[in-house]
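Counting with the numbering used here, you get residues 10 to 429 for the letters of the sequence shown.
These notes are about the structure you will find just below.
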Amino acid sequence: MAHLPPGTFQPTSKELVPTLRPLDDRSEDAIIAHILSHRLVTRQKNIWAFWDNGWEAMRPWTRRNVLDWVRRLGPDWDVRVLDRVEGSPRNIAHFVDVEMLPETFWRMEGRNAGQRVSNMARVLLLYIHGGVWLDVGGILTRSLDDLWDRIADPEDPTEFIGMSSRLNDKVLEDRPLGNTVLATAKGNQFAGLWHAVYAEMFKDRTTSRDIRLHPLVAHLVPYELPEGFPIDISVEDMGDYLGHFHAAGRLFALIDPSIGWDGPEFFSKHLKLINADEIFRHNLLTSFDGERQSTLLALPRVEPVDCGEPEQAAAEEFVETCLAQSLCIKLSQGIYPRPVQLATLWDRPENEGADIVPGTWVEYLRWASVHLEQARDLRLLSEEQMARRRPKRAWRAGLLDIVDSATAQVDLRGPLMQSL
Numbered sequence: 010m011a012h013l014p015p016g017t018f019q020p021t022s023k024e025l026v027p028t029l030r031p032l033d034d035r036s037e038d039a040i041i042a043h044i045l046s047h048r049l050v051t052r053q054k055n056i057w058a059f060w061d062n063g064w065e066a067m068r069p070w071t072r073r074n075v076l077d078w079v080r081r082l083g084p085d086w087d088v089r090v091l092d093r094v095e096g097s098p099r100n101i102a103h104f105v106d107v108e109m110l111p112e113t114f115w116r117m118e119g120r121n122a123g124q125r126v127s128n129m130a131r132v133l134l135l136y137i138h139g140g141v142w143l144d145v146g147g148i149l150t151r152s153l154d155d156l157w158d159r160i161a162d163p164e165d166p167t168e169f170i171g172m173s174s175r176l177n178d179k180v181l182e183d184r185p186l187g188n189t190v191l192a193t194a195k196g197n198q199f200a201g202l203w204h205a206v207y208a209e210m211f212k213d214r215t216t217s218r219d220i221r222l223h224p225l226v227a228h229l230v231p232y233e234l235p236e237g238f239p240i241d242i243s244v245e246d247m248g249d250y251l252g253h254f255h256a257a258g259r260l261f262a263l264i265d266p267s268i269g270w271d272g273p274e275f276f277s278k279h280l281k282l283i284n285a286d287e288i289f290r291h292n293l294l295t296s297f298d299g300e301r302q303s304t305l306l307a308l309p310r311v312e313p314v315d316c317g318e319p320e321q322a323a324a325e326e327f328v329e330t331c332l333a334q335s336l337c338i339k340l341s342q343g344i345y346p347r348p349v350q351l352a353t354l355w356d357r358p359e360n361e362g363a364d365i366v367p368g369t370w371v372e373y374l375r376w377a378s379v380h381l382e383q384a385r386d387l388r389l390l391s392e393e394q395m396a397r398r399r400p401k402r403a404w405r406a407g408l409l410d411i412v413d414s415a416t417a418q419v420d421l422r423g424p425l426m427q428s429l
């Protein structure tokens, strides 16, 4: 299906305006050929993504996500989707020293193995080359230039930007950083250490079962599901799914003078977090109900939009709010069984093309994600919000030392922390 040109639709939200940024206007075939090619890394404005079994094995709707990233971001960014397919020009072995990957990377098994493998790739790629990581399940809805400008500015102390891991308005204690969107310059110490801890956690393993209990993270506050969390999932499964979050949490509460690492200081001075609403706005608007999202997106859209009709008004509010108030619309593919997620519905063979049906709200969403700009700044957490996520204590230990009752502990609860 040919991509629709600028001016095809008119947004109803005053928070959205036509973009003035240069877009990539190549044909779909030309963009795909570019994505499939092997290209040397020559700069740090890279978008990294990963699908273990390769481009051809990706769901068609996720491939269309990536095509729209390329269109939206234009010539200033290099977009790559790597894999671990033997003989592939996009095999991760062309971009990293494979000795830095745990053996598990090549033989991971079990449920959500692809996500675990992806976690092993993402911060390693950022550490070696720099750039931004995006999950292929994300529909990008704004430029990433303002985010990257903070990383690239030598006068800005920000070294690493990621997603807040808040769920249901509850801060995940000891696990403040999510991994759907990550940005840093190459050689960043935190990125390198995060990869090292996570790789060690998977040493001599082939699955993520009970990874939440690994000795390297056993001293953290036990993970609990937020009260009222709308997803039907066990705390054990969710805890294992968030193994990458646990590894980052260890680092923020670690002081290792032997390598010059002070996690609490890095958290306070060099980390910025993006509000989790920026990737889950669509879920917050619909209580994580993918079937409701699918229904709204499948409705016909005719201009001028008749907001006097209840379902049209609901679709208009849902789509325009997502476009105006999201960094990206992250459609989760892995862990949530019920309620059914939109990604799960789009994955089904009988729903092929449901994300691009002509004359519907989803067609408008796809078009707008490329051609419209948000009239706002990216929402980063305030100092007070960051203070709520800052570790309350830290341990003096080696990077891969087991923390126990004999390990020296530092109380970090100053007057502000004690009042929160």
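Ideal Cβ placement from N, Cα and C applies to all residues, glycine included.
Item	Value
Under the assumption that Gly146 contacts Gln342 (Cβ atoms under 8 Å), give the Cβ distance between them as a whole number of angstroms.	5 Å
Under the assumption that Gln53 contacts Ala194 (Cβ atoms under 8 Å), give the Cβ distance between them as a whole number of angstroms.	6 Å
Quick one: what does DSSP say Cys316 is sitting in, helix, strand or coil?	coil
Determine the closest residue to Arg72 out of Gly83, Leu82, Pro84 and Ala58, with distance taken between C-alpha atoms.	Ala58
Could you name the residues of the same chain whose beta carbon sits closer than 6 Å to that of Ala363, not counting the 5 residues immediately before and after it, in chain order?	Trp355
Relative to the C-alpha of Phe238, which residue among Asn197, Asp271, Val230 and Asp298 is closest?	Asp298
Can you tell me which of His228, Leu149, Lys281 and Pro309 puts its alpha carbon nearest to the alpha carbon of Leu186?	Lys281
Taking Arg81 as the reference, give the member of Glu182, Cys337 and Thr369 with the closest Cα.	Cys337
Mind checking Ser152: buried by the 16 CB within 10 Å criterion, or exposed?	buried
Does DSSP classify Ile365 as helix, strand or coil?	coil
Give the secondary structure of Phe104 by DSSP, where H, G and I count as helix, E and B as strand, and everything else as coil.	coil
Mind checking Ile220: buried by the 16 CB within 10 Å criterion, or exposed?	buried
Tell me the rounded alpha-carbon separation between Ser428 and Arg398.	Any reading at Ser428 must be qualified, since the residue scores a pLDDT of 36, below 50, and its modelled position is unreliable; the value itself is stated next. Approximately 13 Å, taken between the alpha carbons.
For Ser296, does the count of other Cβ atoms within 10 angstroms reach 16, so buried, or fall short, so exposed?	exposed
Using beta-carbon positions only, say whether Leu408 and Val206 come within less than 8 Å of one another.	yes
Where do the N-terminal and C-terminal ends of the alpha helix (DSSP H) with Leu340 fall, by residue?	Looking at the DSSP string, Leu340 is not in any alpha helix (DSSP H), and its letter there is neither H nor E.
Among the candidates Leu421, Ser391, Ala417 and Asp413, whose CA atom is the shortest distance from the CA of Ser173?	Ser391
Would you mind working out which of Phe199, Val371 and Glu65 sits nearest Gly269, comparing C-alpha positions?	Phe199
Give the DSSP-derived three-state secondary structure of Gln394 in the structure shown.	helix
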